[in-house]
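Working notes, beginning with the structure itself.
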Amino acid sequence: MSDIDCYGIAMDNDGFIYVVDSKKGEVWRWKKGERQSAIVAGGNGNGSQSNQLNDPTFVFVDDEQSVYVSNWGNHRVMKWRRGTKVGVVVAGGNGEEGRLDQLSYPHAVLVDQWGQI
1 MSDIDCYGIA MDNDGFIYVV DSKKGEVWRW KKGERQSAIV AGGNGNGSQS NQLNDPTFVF
61 VDDEQSVYVS NWGNHRVMKW RRGTKVGVVV AGGNGEEGRL DQLSYPHAVL VDQWGQI
């Protein structure tokens, strides 16, 4: 991994490190001691499609290695299940005006043991 505009970072229970590249709209997964890394969220340029991120900020990884990303530029939180190329909106995604189904520039994301965001 090189030339990364790192904003957020997380580690899962298996020792994988997840790095958010905010500028490129990607989340990378890397294992300490290994040279290869892989894109696990986004990676299709900045945008608002279900396979894209726009200025992602932070990442959270659950016990099943699902990746949750606070997608600052799209006012949403996205979830990518392990091995998928398309994410789903799990919070926000309906603009930033202040309704209950909206977020305004989310900066972080946490998921509890029951899967509550």
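Numbering of the sequence shown is given in the UniProt record's numbering, commencing with residue 1 and proceeding in unit increments. Quick reminder that beta carbons are idealized off the backbone N, C-alpha and C, glycines included.
- [ ] Would you tell me roughly how many angstroms separate the C-alpha atoms of residue 70 and residue 34, rounded to the nearest one?
- [x] In the sequence shown, counting from the first residue as 1, residue 70 sits at position 70. In the sequence shown, counting from the first residue as 1, residue 34 sits at position 34. Looking at the two C-alpha atoms, the distance is approximately 27 Å.
TODO: Find out if the Cβ-Cβ distance for the pair residue 79, residue 66 is shorter than 8 Å.
DONE: If you number the sequence shown from 1, residue 79 lands on position 79. If you number the sequence shown from 1, residue 66 lands on position 66. Yes, the pair counts as a contact, with Cβ atoms nearer than the cut-off.
TODO: Could you tell me whether the segment 47-64 touches the segment 4-20, using the rule of 3 or more Cβ pairs below 8 Å?
DONE: yes
Open item on the list: Alpha carbons only, please: which of 64, 107, 75, 15 is nearest the one belonging to residue 99?
Closed with: Working through the sequence shown from its first residue, we reach residue 99 at position 99. Nearest to residue 99 by alpha-carbon distance, out of 64, 107, 75, 15, is 75.
TODO: Could you name the residues that DSSP lists as bridge partners for residue 37?
DONE: Here residue 37 refers to the residue found at position 37 when the sequence shown is read from its first residue. Per DSSP, 30.
Open item on the list: Taking the alpha carbon of residue 73 as the reference point, which residue from 31, 49, 117, 60 has its own alpha carbon closest?
Closed with: Indexing the sequence shown from 1 puts residue 73 at position 73. If we check each option's Cα against that of residue 73, 49 comes out closest.
Open item on the list: Let me check understanding here. Comparing Cα to Cα, which of 88, 3, 101, 10 lies closest to residue 63?
Closed with: Taking the first residue of the sequence shown as 1, we reach residue 63 at position 63. Taking only the C-alpha atoms, the option nearest residue 63 is 10.
TODO: Excluding the 5 residues preceding and the 5 following residue 111 in the sequence, name in chain order all residues of the same chain whose CB lies nearer than 8 Å to its CB.
DONE: Within the sequence shown, numbered from 1, the residue matching residue 111 stands at position 111. Cβ neighbours of residue 111 beyond the five flanking positions: 60, 62, 68, 117.
Open item on the list: Can you list, in chain order, the residues of its chain with a C-beta nearer than 7 Å to that of residue 44? Leave out the 5 residues immediately preceding and following it.
Closed with: Locating residue 44 in the sequence shown gives position 44, where the first residue counts as 1. Excluding its 5 nearest sequence neighbours in each direction, residue 44 has C-beta neighbours in its own chain below 7 Å: 51, 52, listed in chain order.
Open item on the list: Rounded to whole angstroms, what is the Cα-Cα separation between residue 25 and residue 57?
Closed with: Reading the sequence shown from its first residue, position 25 is the one you call residue 25. Reading the sequence shown from its first residue, position 57 is the one you call residue 57. Residue 25 and residue 57 have their C-alpha atoms spaced approximately 9 Å apart.
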